[in-house]
Amino acid sequence: MADRYLSFAGTAPGRFLTQRLGLPRPAVLHRWSPGSPALDGDLLHLTAGTSGLALAPVLARTGIAFGEEGGAAGRAHPAAVVLDATGVRDVDALAEVHSALHPVVRSVADSGRVLVLGAPLDPADHHQSAAQQALEGFARSLGKEIGRGRTVNLLRLRDASAAESTLRFLLSPKSAYVSGQVIHVGAGPARPPGDWERPLAGHTALVTGAARGIGEAVAETLARDGAHVFVLDVPAAEADARRVAERLGGSALTLDITAADAAERIAAALPDGLDVLVHNAGITRDRRLVNMPAERWSPVLEVNLGSVLRTTDALLARGTLRPGGRVVATTSIAGLAGNAGQTNYGASKAGIVGLVRSLAPRALDAHGVTVNAVAPGFIETAMTAAIPLLIRAAGRRMNSLAQGGLPADVAETTAWLAHPASGAVNGQVVRVCGQSLLGA
Ligand SMILES: NC(=O)c1ccc[n+]([C@@H]2O[C@H](COP(=O)([O-])OP(=O)(O)OC[C@H]3O[C@@H](n4cnc5c(N)ncnc54)[C@H](O)[C@@H]3O)[C@@H](O)[C@H]2O)c1
């Protein structure tokens with residue numbers, strides 16, 4: 071469903087009118103396309119506090135041209151600014167955050183990136199915790215005011231080399247619709263791929279609900295990254311599932327994910343094992359609770375949560391998910407913020423968050439498998455095209471980028487979480503919502 075307002079706002083009369091009338095002014099986002107570099111432009115590397123982070127060698131490996139403050143690279147209109155604030159340990163050092171970014175923030179290119187690096191909070195030091203927590207309020211506020219399609223995120227890390235895939239993602243146009251996020255990268259294993267262009271070469275991925283919408287885009291992106299993709303969907307969607315699988319050189323698997331034998335049939339279709347499991351299939355059956363019969367409650371809980379728990383458990387227990395494997399589940403901002411008419415959907419999607427946070431450390435310890443979730447906001451799909459006009463219009467604009475995201479935005483985020491070098495990213499719930507006001 072085309073966003074005509076976005077197209078209009080980009081024209082000369084559109085720019086004039088939206089400015090005069092004080093209307094939202096969405097920028098056409100710069101998204102990644104094949105053959106593009108990791109970052110379209112230079113990166114400015116700034117520091118606040120005394121940092122011990124070895125960032126420069128990791129940035130050098132990415133091929134991104136970067137320079138320090140006052141240096142040649144990145145001075146005019148940097149495509150990205152990275153502020154290393156891992157060494158900010160007290161309120162005084164926060165002044166350096168201001169003095170580093172205040173002079174340069176205006177010059178960041180359209181659709182550019184501001185990435186603040188923070189340290190994990192130190193429970194034994196409330197001054198460090200206060201100063202580091204302050205970075206969240208800072209980053210989220212800057213995200214809301216920076217405009218022109220620019221994003222602001224906070225990445226907490228100890229070891230820059232464990233965060234290479236995350237840095238590449240957050241700095242690139244692949245994260246165009248990810249803003250206002252706080253992401254933690256731990257100390258888990260990060261296996262750099264032989265080829266950063268095809269990191270999933272030789273890997274097998276399975277995406278549920280992949281015959282259309284976001285799932286189709288995820289399947290496409292994982293196939294682009296080299297994976298052999300199993301496109302799973304219900305028997306009624308068999309023709310579409312086959313079409314997608316054929317186009318991607320993958321395989322179609324038609325079954326209802328809620329069927330009692332679903333995990334068994336998946337395992338049987340994957341005798342050599344699975345590296346990436348993406349739980350994307352999802353349904354809505356909206357009604358206010360007073361009008362919601364059990365027939366509208368149960369299927370939503372079953373498809374969106376029950377089947378996710380069952381298949382994950384079974385595929386881990388059978389060893390179908392190989393060590394180094396990745397589980398990426400799909401929640402929603404409705405699961406984080408709640409949404410009128412969606413008690414069933416909100417419950418199911420909040421359940422995914424509980425699943426991810428609880429299982430992630432144990433699955434990594436016991437199976438070498440990471441478990442994360444993506445939380446889409448308003449994404450332009452058949453699901454959101456069915457929303458009544460006025461609610462749809464509001465849903466699109468109620469975020470810092472003032473527009474809906476595309477299935478590809480969720481797909482790129484999933485591909486980053488599925489990346490072999492993302493082993494230190496675990497238990498994260500990453501919103502792909504343009505910094506939606508809902509549950510922010
Ligand atoms: N579109 C959005 O704005 C948005 C926002 C937040 C979250 N999400 C979530 O993203 C996911 C994909 O959303 P979408 O908009 O692409 O939806 P969609 O309705 O376009 O596609 C969902 C796919 O899942 C399949 N499916 C449904 N039940 C199934 C079952 N029992 N077994 C196997 N496959 C089944 C459907 O046939 C369909 O192909 C869902 O989990 C949804 O809740 C979407």
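Read left to right, the sequence shown gives residues 71 to 510 (the numbering used here). Heads up, the beta-carbon is just placed ideally off N, CA and C, and yes, glycines get one too.
Express the C-alpha separation of Gly411 and Thr120 in angstroms, rounding to a whole number. The sequence position of residue 120 within the sequence shown is 50, counting from 1. The sequence position of residue 411 within the sequence shown is 341, counting from 1. When rounded, the distance between both Cα atoms is 49 Å.
Which stretch, first to last residue, makes up the alpha helix (DSSP H) that contains Leu205? The residue labelled residue 205 in the question sits at position 135 within the sequence shown. Start and end: 196 to 215.
Measure the CB-CB distance between Ala232 and Leu225 and report whether it falls below 8 Å. Your numbering for residue 232 matches position 162 in the sequence shown. Your numbering for residue 225 matches position 155 in the sequence shown. No, the Cβ-Cβ distance between Ala232 and Leu225 is not below 8 Å.
heavy atom of ligand 1 below 7 Å from Ser249 C-beta: On the sequence shown, position 179 is the one that residue 249 refers to. No, the beta carbon of Ser249 sits no closer than 7 Å to any heavy atom of ligand 1.
Between Arg131, Asp160, Gly122, which has its C-alpha nearest Pro263's C-alpha? Within the sequence shown, numbered from 1, the residue matching residue 263 stands at position 193. Ranking the options by Cα distance to Pro263, first place goes to Arg131.
State yes or no: is the C-beta of Thr400 nearer than 7 Å to some heavy atom of ligand 1? One-based indexing of the sequence shown puts residue 400 at position 330. The answer is yes for Thr400.
C-alpha distance - Leu375 paired with His100, whole-angstrom precision: Locating residue 375 in the sequence shown gives position 305, where the first residue counts as 1. Locating residue 100 in the sequence shown gives position 30, where the first residue counts as 1. Looking at the two C-alpha atoms, the distance is approximately 34 Å.
Is Ala452 near ligand 1, with its Cβ less than 7 Å from a heavy atom? What you label residue 452 is simply residue 382 of the sequence shown in a count that begins at 1. For ligand 1, at least one heavy atom lies less than 7 Å from the Cβ of Ala452.
What do you reckon, are the CB atoms on Leu406 and Ala445 nearer than 8 Å? Mapped onto the sequence shown, residue 406 falls at position 336. Mapped onto the sequence shown, residue 445 falls at position 375. Yes.
Assign Asn361 to one of two classes, buried (16 or more other C-beta atoms within 10 Å of its C-beta) or exposed (fewer than that). Residue numbering aside, residue 361 sits at position 291 when the sequence shown is read from its first letter. It counts as exposed.
Among the candidates Ala478, Ala417, Val480, whose CA atom is the shortest distance from the CA of Arg366? The count along the sequence shown starts at 1 and reaches residue 366 at position 296. Of the listed residues, the one whose Cα sits closest to Arg366 is Ala417.
Got a sec, what are the start and stop residues for the alpha helix (DSSP H) Ala82 sits in? The sequence position of residue 82 within the sequence shown is 12, counting from 1. Here the alpha helix (DSSP H) through Ala82 covers 82 to 91.
For Ser428, does the count of other Cβ atoms within 10 angstroms reach 16, so buried, or fall short, so exposed? As a working note, residue 428 is residue 358 in the sequence shown. Classification of Ser428: exposed, given that the 10 Å Cβ count is below 16.
Can you list, in chain order, the stretches of the beta strand (DSSP E) that have 3 or more residues and sit fully within the region 390 to 418? 391 to 400
Could you tell me if His489 is buried or exposed, where buried requires 16 or more neighbouring beta carbons within 10 angstroms of its beta carbon? Stepping through the sequence shown from its first residue, residue 489 is reached at position 419. Looking at its Cβ environment, which holds 16 or more other Cβ atoms inside 10 Å, His489 is buried.
Should the region 149 to 159 be regarded as contacting the region 183 to 197, the criterion being three or more beta carbon pairs within less than 8 Å? yes
Could you check which residue in Ala309, Leu129, Pro173, Arg159 has the C-alpha nearest to that of His147? Taking the first residue of the sequence shown as position 1, residue 147 is located at position 77. Nearest option by C-alpha distance: Pro173.
Pull up the distance between the alpha-carbon of Ser439 and that of Ala260, whole angstroms please. Counted from its first residue, the sequence shown places residue 439 at position 369. Counted from its first residue, the sequence shown places residue 260 at position 190. According to the sequence shown, residue 439 is Val rather than Ser. Their backbone Cα atoms lie some 12 Å apart in a straight line.
Out of Asn409, Leu344, Val378, which one is the CA nearest neighbour of Thr400? By one-based count along the sequence shown, residue 400 stands at place 330. That would be Val378, whose Cα lies nearest to the Cα of Thr400.
In the structure shown, what three-state DSSP assignment does Asp383 receive? Taking the sequence shown and counting its residues from 1, one reaches residue 383 at position 313. It is helical.
Nearest-angstrom Cα distance between Ser199 and Arg357? Counting from 1 along the sequence shown, the entry for residue 199 is found at position 129. Counting from 1 along the sequence shown, the entry for residue 357 is found at position 287. So the two alpha carbons sit approximately 42 Å from each other.
Buried or exposed: which applies to Thr81, given that a residue is buried once 16 or more other Cβ atoms fall within 10 Å of its Cβ? Mapped onto the sequence shown, residue 81 falls at position 11. Burial call: exposed.
In whole angstroms, what separates the C-alpha of Leu318 from that of Pro193? The residue given as residue 318 occupies position 248 in the sequence shown. The residue given as residue 193 occupies position 123 in the sequence shown. When rounded, the distance between both Cα atoms is 48 Å.
Comparing C-alpha positions only, which one of Asn496, Asp160, Phe78, Ser492 sits nearest to Leu270? Position 200 of the sequence shown, counting from 1, holds the residue named residue 270. That would be Ser492, whose Cα lies nearest to the Cα of Leu270.
Residues sharing a beta bridge with Asn374, DSSP: For the purposes of this step, residue 374 is taken as residue 304 along the sequence shown, with counting starting at 1. Answer by DSSP bridge pairing: none, since Asn374 is not bridged.
Closest by C-alpha distance to Asp162, when choosing among Val175, Ala204, Leu123: For the purposes of this step, residue 162 is taken as the residue at position 92 of the sequence shown. Checked all of Val175, Ala204, Leu123; the closest Cα to Asp162 is Ala204.
The beta strand (DSSP E) enclosing Ile253, as first and last residue numbers: Here residue 253 corresponds to residue number 183 of the sequence shown, with the count starting at 1. Unbroken beta strand (DSSP E) run through Ile253: 252 to 254.
Relative to the C-alpha of Trp102, which residue among Val397, Leu212, Glu206, Asp479 is closest? Mapped onto the sequence shown, residue 102 falls at position 32. Cα-wise, what sits closest to Trp102 is Asp479.
7 Å Cβ shell around Ala143 - same chain, five flanking residues per side excluded: Here residue 143 corresponds to residue number 73 of the sequence shown, with the count starting at 1. With a pLDDT of only 49 at Ala143, under 50, the local geometry of the prediction cannot be trusted, and no value is derived from it.
DSSP three-state call for Val174: helix, strand or coil? Position 104 of the sequence shown, counting from 1, holds the residue named residue 174. If DSSP states are grouped into helix, strand and coil, Val174 belongs with coil.
Is the separation between the beta-carbon of Ala280 and that of Glu286 shorter than 8 Å? Here residue 280 corresponds to residue number 210 of the sequence shown, with the count starting at 1. Here residue 286 corresponds to residue number 216 of the sequence shown, with the count starting at 1. It is a contact, given that the beta carbons lie within the stated cut-off.
What is the rounded straight-line gap between the Cα of Glu316 and the Cα of Thr274? What you label residue 316 is simply residue 246 of the sequence shown in a count that begins at 1. What you label residue 274 is simply residue 204 of the sequence shown in a count that begins at 1. Distance between the alpha carbons of Glu316 and Thr274 is about 15 Å.
Less than 8 Å separating the beta-carbons of Leu109 and Leu212? Along the sequence shown, read from residue 1 onward, the residue named residue 109 stands at position 39. Along the sequence shown, read from residue 1 onward, the residue named residue 212 stands at position 142. No, the Cβ-Cβ distance between Leu109 and Leu212 is not below 8 Å.
Buried or exposed for Ser77, going by 16 or more other Cβ atoms inside 10 Å? Within the sequence shown, numbered from 1, the residue matching residue 77 stands at position 7. So Ser77 ends up on the exposed side.
Closer than 6 Å by C-beta to Gln89: which residues in its own chain qualify, once you throw out the five before and the five after it? Chain order, please. Within the sequence shown, residue 89 is the residue found at index 19, counting from 1. Taken in chain order, the list of residues that qualify is empty.
Chain-order list of residues whose beta-carbon lies under 6 Å from that of Leu508 (same chain, five-residue window excluded): The sequence position of residue 508 within the sequence shown is 438, counting from 1. Same-chain partners within the cutoff: Ile403, Ala407.
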